[in-house]
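A quick write-up on the structure given underneath.
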Amino acid sequence: MTSRDLAQLQKRLQQSIIGETAFSDAAAGTRVNAATRTDVYVNAYRLRLIDALAANFPRLQRFMGTAAFAALAENYLAQFPSTSVSVRWFGDRLAQFLRDDHTSAVAPWLADLADWEWEIAAAFDSPDAPPIALVALNVAPEEWPRLRFTLHPSVRLLRLQTNAVELFSAISDDAAMPEACMLDRPQAYAIWRQEFEVRFRIQDDDEAHTLTLLGQDATFDAMCGDLCDWHEASEVPARAASLLRTWITDGMIAGVTSD
Amino acid sequence: MRRGASCQQASRQKALIAPTANGSPLLSPLGFGLGLRTVHYEALLGSHRGCVSWLEVLTENYLVPGGRPLDFLRRLGEHYSLVLHGVSLSIGSTDPLNLEYLRQVRNLAASCEAKWISDHLCWTGVEGINLHDLLPLPYTQESLQHVASRIRQCQDYLGRRLLIENVSSYLSYAGSEMSEWEFLGELAKRADCLLLLDLNNIHVSATNHGFDPNTYLDALPVDRVQQIHLAGHTRHGELLIDTHDAPVAEPVWQLYDAALRRFGPVSTMIERDDNIPPLEVLLEELQRARGAALSLRADAA
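Chains as they are written, first to last, in the numbering used here: chain P, 2 to 260; chain Z, 2 to 302.
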């Protein structure tokens, strides 16, 4: 057997496991035939990856029901086999998969729920960084326009079309399940981690916009400029200060610099 | 304080690849331990703190950027020696070695001051796919050379010897040229690595393939066995399946006695992956392992 033979052998067994095709390289065993032996790996593969996806999306599974979720997982697995070293990252494209799937037309909340559940988990084990305190804003007034802020690495900003967050919370709390529905208009949310606790909240449109802007390295001056789209110029400084105070108090800001 | 300790650890690790004064590549044994599972975090840090001397950490679960999992690991590291046990090295794969994975493992091992790092004699996928299963290799001269060379590359990168664990298997290959024990014993010498013997896996594979597990033990080099796993399994028709979800079975305890006689007081732990009972139950099971080692010592005296 050459190294090329070994590579080919591995490809053949992998193909048998993924595609459920026959594997002819197994030794004929006593008592148990080669096909039954190969089937142990074939069956274990499906069950293991369905379980892994369920572990990453437990609320989506509960919302859909075990059988429907397993069918979804099989379809997803067939299109996107895992390429990560850890099953922790299996399902990174599930929300998009659901959006691309024809079921999204009849149940668009499934993709939102997947998105939400994935991002909550991502915030849970995102990088650590000490948040800044309000005292960091004690700078000379002329420096304020040039201030730039670094969001805490756990911050995730989402805009959802459905009441997926309500569904998520109801499942988490074991409460009565509201009816899944489209929202009248898309709703912005922020997810972040404070110490080790994952938090989230609804954001007003001006807040969602400016927090996104700060995450893109914009200055405080630019933030104030954009707030004029929502507020009278005279109200902008107070609104900007209030937003910053809220973000800092909540632990969503990890750094501030002045040019 | 921790930083200083970490630097010393790194310099000691570098020296490990070289032969030690007494000629044995083995590291200092850690005694009796358990596989770390999240449901036991609180008990291990609270009511049962110090109940074992070491914990085996599932590497991939902690290859995350930050947050609570890594904080628990840091806190556990203050009370227990830690070793890393991986499932995704895919040392037997014909895909290129995943250097990014190795870099992450090296960083994790440094940050938690891991006493050693282990993974499995298997491959987990090719063409970039991870099947998340421990697939057996054909036991040929070719794969022996392939795996030995890759273990050496990993060891050079990590600056320390790896422990390689035998897996449970359900199929064998028509093209195999030697037994698993011949392969593993030769591999340890050629790669200059250490071995992690999973006695349940030996029992499962022995039953599934019809060999004598004692032949397996007797063939392995005594100076390479660094760690022992004890675990349970499930019968599925004619085959035993390595579920690691049940108490250690009686034949595996018998095998443990034989392993103790051959390899001496090797660091031993119970590995439960599913159907995980309260910590007390595992500690009681571990007590039996301690008893076996003690009675062997008494016999020797």
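C-beta atoms are modelled at their ideal positions from N, C-alpha and C, and glycine is treated no differently.
Taking all protein chains shown into account, decide if residue i is buried (16 or more other Cβ within 10 angstroms of its Cβ) or exposed.
{"i": "residue 204 of chain P", "result": "buried"}
{"i": "residue 252 of chain P", "result": "buried"}
{"i": "residue 4 of chain Z", "result": "Because the pLDDT of residue 4 of chain Z is 34, which lies under 50, any placement of that residue in the model is unreliable, and the number read from its coordinates should be weighed accordingly. The residue in question, residue 4 of chain Z, is exposed, as its Cβ has fewer than 16 Cβ neighbours within 10 Å."}
{"i": "residue 108 of chain Z", "result": "exposed"}
{"i": "residue 146 of chain Z", "result": "exposed"}
{"i": "residue 142 of chain P", "result": "exposed"}
{"i": "residue 120 of chain Z", "result": "buried"}
{"i": "residue 7 of chain Z", "result": "Since pLDDT at residue 7 of chain Z reaches only 37, below the 50 mark, its modelled position is unreliable, and the value read off the structure follows with that caveat. Burial call: exposed."}
{"i": "residue 206 of chain Z", "result": "buried"}
{"i": "residue 12 of chain Z", "result": "Here residue 12 of chain Z scores only 39 on pLDDT, less than 50, and its place in the model should not be relied on; the value that follows carries that caveat. Label assigned to residue 12 of chain Z: exposed."}
{"i": "residue 47 of chain Z", "result": "exposed"}
{"i": "residue 275 of chain Z", "result": "exposed"}
{"i": "residue 84 of chain P", "result": "exposed"}
{"i": "residue 25 of chain Z", "result": "exposed"}
{"i": "residue 155 of chain P", "result": "buried"}
{"i": "residue 133 of chain Z", "result": "buried"}
{"i": "residue 79 of chain Z", "result": "exposed"}
{"i": "residue 136 of chain P", "result": "exposed"}
{"i": "residue 296 of chain Z", "result": "exposed"}
{"i": "residue 41 of chain P", "result": "buried"}
Going by C-alpha to C-alpha distance, which of the options sits closest to residue i?
{"i": "residue 180 of chain Z", "options": "Z:211, Z:49, Z:164", "result": "Z:211"}
{"i": "residue 250 of chain P", "options": "P:58, P:195, P:208", "result": "P:195"}
{"i": "residue 75 of chain Z", "options": "Z:115, Z:243, Z:154", "result": "Z:115"}
{"i": "residue 245 of chain P", "options": "P:216, P:235, P:128, P:198", "result": "P:216"}
{"i": "residue 106 of chain Z", "options": "Z:178, Z:66, Z:280", "result": "Z:66"}
{"i": "residue 207 of chain P", "options": "P:225, P:18, P:64, P:78", "result": "P:225"}
{"i": "residue 92 of chain P", "options": "P:76, P:5, P:124, P:57", "result": "P:57"}
{"i": "residue 273 of chain Z", "options": "Z:244, Z:27, Z:240", "result": "Z:244"}
{"i": "residue 76 of chain P", "options": "P:87, P:101, P:63, P:86", "result": "P:101"}
{"i": "residue 140 of chain Z", "options": "Z:128, Z:184, Z:157", "result": "Z:184"}
{"i": "residue 162 of chain P", "options": "P:122, P:117, P:68", "result": "P:117"}
{"i": "residue 223 of chain Z", "options": "Z:127, Z:162, Z:186, Z:86", "result": "Z:186"}
{"i": "residue 250 of chain Z", "options": "Z:235, Z:263, Z:112, Z:51", "result": "Z:235"}
When you compare the CB positions of residue i and residue j, do they come within less than 9 Å of one another, or not?
{"i": "residue 222 of chain P", "j": "residue 147 of chain P", "result": "yes"}
{"i": "residue 201 of chain Z", "j": "residue 237 of chain Z", "result": "no"}
{"i": "residue 114 of chain P", "j": "residue 168 of chain P", "result": "yes"}
{"i": "residue 89 of chain P", "j": "residue 173 of chain P", "result": "no"}
{"i": "residue 152 of chain Z", "j": "residue 192 of chain Z", "result": "yes"}
{"i": "residue 253 of chain Z", "j": "residue 232 of chain Z", "result": "yes"}
{"i": "residue 125 of chain Z", "j": "residue 148 of chain Z", "result": "no"}
{"i": "residue 271 of chain Z", "j": "residue 35 of chain Z", "result": "yes"}
{"i": "residue 281 of chain Z", "j": "residue 248 of chain Z", "result": "no"}
{"i": "residue 177 of chain Z", "j": "residue 28 of chain P", "result": "yes"}
{"i": "residue 81 of chain Z", "j": "residue 45 of chain Z", "result": "yes"}
{"i": "residue 255 of chain P", "j": "residue 130 of chain P", "result": "yes"}
{"i": "residue 189 of chain P", "j": "residue 209 of chain P", "result": "yes"}
{"i": "residue 35 of chain P", "j": "residue 51 of chain P", "result": "no"}
{"i": "residue 68 of chain Z", "j": "residue 197 of chain P", "result": "yes"}
{"i": "residue 199 of chain Z", "j": "residue 169 of chain Z", "result": "yes"}
{"i": "residue 266 of chain Z", "j": "residue 294 of chain Z", "result": "yes"}
{"i": "residue 164 of chain Z", "j": "residue 197 of chain Z", "result": "yes"}
Is DSSP giving residue i helix, strand or coil here?
{"i": "residue 200 of chain P", "result": "strand"}
{"i": "residue 32 of chain P", "result": "coil"}
{"i": "residue 301 of chain Z", "result": "helix"}
{"i": "residue 229 of chain Z", "result": "strand"}
{"i": "residue 224 of chain Z", "result": "helix"}
{"i": "residue 33 of chain Z", "result": "strand"}
{"i": "residue 150 of chain P", "result": "strand"}
{"i": "residue 210 of chain Z", "result": "helix"}
{"i": "residue 152 of chain Z", "result": "helix"}
{"i": "residue 220 of chain P", "result": "strand"}
{"i": "residue 184 of chain P", "result": "strand"}
{"i": "residue 178 of chain P", "result": "coil"}
{"i": "residue 270 of chain Z", "result": "strand"}
{"i": "residue 254 of chain P", "result": "strand"}
Residues bridged to residue i by DSSP?
{"i": "residue 43 of chain P", "result": "DSSP lists no partner for residue 43 of chain P."}
{"i": "residue 174 of chain Z", "result": "P:27"}
{"i": "residue 259 of chain P", "result": "P:148"}
{"i": "residue 191 of chain P", "result": "P:158, P:202"}
{"i": "residue 57 of chain Z", "result": "Z:36, Z:84"}
{"i": "residue 119 of chain Z", "result": "Z:86, Z:164"}
{"i": "residue 328 of chain Z", "result": "Residue 328 of chain Z lies beyond the residue range present for chain Z, which begins at 2 and ends at 302; the question has no answer from this structure."}
{"i": "residue 236 of chain Z", "result": "Z:241"}
{"i": "residue 248 of chain P", "result": "Paired residue(s): none; residue 248 of chain P is not in a bridge."}
{"i": "residue 18 of chain P", "result": "BP columns for residue 18 of chain P are empty, so no partner."}
{"i": "residue 124 of chain Z", "result": "Z:136"}
{"i": "residue 163 of chain P", "result": "P:183"}
Using 9 Å as the limit for Cβ to Cβ distance, is residue i near chain B?
{"i": "residue 30 of chain P", "result": "Here the protein chains are P and Z, and chain B is not one of them."}
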